[in-house]
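Just so we're aligned, residue 3 is where the sequence shown starts under the working numbering, counting upward by one.
Note that the Cβ used here is the ideal one computed from N, Cα and C, for glycine as well.
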Amino acid sequence: MTGAASYEVRGAVEALAAIGRSGERWALRRLDVNGRGWHGGVDFGVEIRRSGPDIPKPFVESAGKGVLDCPAGRLMLFGLGNGRVPRGFDPRS
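Here you go:
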């Protein structure tokens with residue numbers, strides 16, 4: 003899904019479903035909750051460990067951020083970078 007972006011709910015849901023179908027898996031490594039933003043939502047940052055058939059072995063660490071609308075129980079915004087294989091990680095281990 004490199005380069006995929008969507009600014010519409012339907013497109014975003016379709017992109018996430020395609021990632022799941024591809025066999026890519028996400029593991030939450032870090033969550034930072036940064037408080038309520040000017041827009042009324044709660045800002046957060048994440049670090050996600052991504053692995054799967056189309057991901058460089060053994061995994062990549064990707065940083066992202068977003069906004070939650072807690073009363074409505076919905077994600078207002080989410081973005082995730084392509085990531086990198088951690089420096090010094092030996093893929094043979």
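Exposure of residue i, with buried meaning 16 or more beta-carbon neighbours within 10 Å
{"i": "Val69", "result": "buried"}
{"i": "Arg76", "result": "exposed"}
{"i": "Arg52", "result": "buried"}
Beta-carbon proximity of residue i to residue j, cut-off 8 Å
{"i": "Val44", "j": "Val35", "result": "yes"}
{"i": "Gly54", "j": "Glu16", "result": "no"}
{"i": "Asp56", "j": "Ser24", "result": "yes"}
Neighbourhood of residue i by C-beta, 7 Å cutoff - its chain only, sequence neighbours within 5 removed
{"i": "Leu82", "result": "Ile50, Ser64, Gly66"}
{"i": "Gly85", "result": "Arg52, Val62, Glu63, Ser64"}
Chain D within 8 Å of residue i, Cβ atoms only
{"i": "Arg86", "result": "Among the protein chains of the structure shown there is no chain D, as only one such chain exists."}
Backbone secondary structure at residue i - three-state DSSP
{"i": "Ile50", "result": "strand"}
{"i": "Ala17", "result": "helix"}
{"i": "Gly66", "result": "strand"}
Length of the line joining the Cα atoms of residue i and residue j
{"i": "Lys59", "j": "Met78", "result": "32 Å"}
Residues near residue i by beta carbon distance below 6 Å, same chain, minus five either side
{"i": "Gly39", "result": "Asp45"}
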